[in-house]
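**Student:** Quick one: structure below, then a few questions.
Numbering (this note's numbering), first residue to last: 10 to 149.
Below, the structure is given as structure tokens:
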């Protein structure tokens, strides 16, 4: 056994592996501005604040209050009364990295964007999901 260890190219994992923020991790965001067709232009930028800490491997990788940005798109529903809201290119900023977010937990899922309006503010709370696995720098 001792001889085999000397000859083997297998390297045991001694150090922790690089943490990864997994695809599908939920991210709760709050819009920083009133989200209505009266105050936001079609396909305009929108900013969000992270509502709660995001964890990966038991460690906090994004603290509540971190920033996220994207674009809002308004589409009139048939009949013209209801308005559908979509978000595009939303990403969470982690230091110098931008983590892309999507509206469904699974990549193949298709669905309607689900959000809740904050009473008397016009702002929304929305849960988006990490779009793909994101390797993170080791904790210092």
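Glycine is no exception: its CB is placed at the ideal position from the N, C-alpha and C atoms.
Given the structure is predicted, the values throughout are model-derived calculations rather than measurements.
For residue 132, does the count of other Cβ atoms within 10 angstroms reach 16, so buried, or fall short, so exposed?
**Tutor:** Reading the chain shown from its first residue, position 123 is the one you call residue 132. Counting Cβ neighbours within 10 Å, residue 132 comes out buried, since at least 16 surround it.
**Student:** For residue 135, count neighbouring C-beta atoms within 10 Å of its own C-beta (all shown protein chains included) and say buried if the count is 16 or more, exposed if not.
**Tutor:** In the chain shown, the residue the question calls residue 135 occupies position 126. When all chains shown are included, residue 135 counts as buried.
**Student:** Would you say residue 80 and residue 96 are within 8 Å of each other, going by their C-beta atoms?
**Tutor:** In the chain shown, the residue the question calls residue 80 occupies position 71. In the chain shown, the residue the question calls residue 96 occupies position 87. It is a contact, given that the beta carbons lie within the stated cut-off.
**Student:** How far does the beta strand (DSSP E) with residue 110 in it reach, from first residue to last?
**Tutor:** Looking up residue 110 in the chain shown gives position 101. Looking at the DSSP string, the run of the beta strand (DSSP E) that includes residue 110 is 106-111.
**Student:** Could you tell me whether the Cβ atoms of residue 36 and residue 145 are closer together than 8 Å?
**Tutor:** Position 27 of the chain shown, counted from the first residue, corresponds to residue 36. Position 136 of the chain shown, counted from the first residue, corresponds to residue 145. The answer is no: Cβ separation not under 8 Å.
**Student:** Rounded to a whole number of angstroms, what is the C-alpha to C-alpha distance between residue 66 and residue 40?
**Tutor:** Numbered from 1 along the chain shown, position 57 holds the residue referred to as residue 66. Numbered from 1 along the chain shown, position 31 holds the residue referred to as residue 40. Cα-Cα distance, rounded: 27 Å.
**Student:** Is the distance from the Cβ of residue 68 to the Cβ of residue 28 below 8 Å?
**Tutor:** Along the chain shown, read from residue 1 onward, the residue named residue 68 stands at position 59. Along the chain shown, read from residue 1 onward, the residue named residue 28 stands at position 19. With a cutoff of 8 Å on beta-carbon distance, residue 68 and residue 28 are scored as near each other.
**Student:** Terminal residues of the continuous beta strand (DSSP E) containing residue 129?
**Tutor:** Numbered from 1 along the chain shown, position 120 holds the residue referred to as residue 129. That residue, residue 129, is in no beta strand (DSSP E); it is neither H nor E in DSSP.
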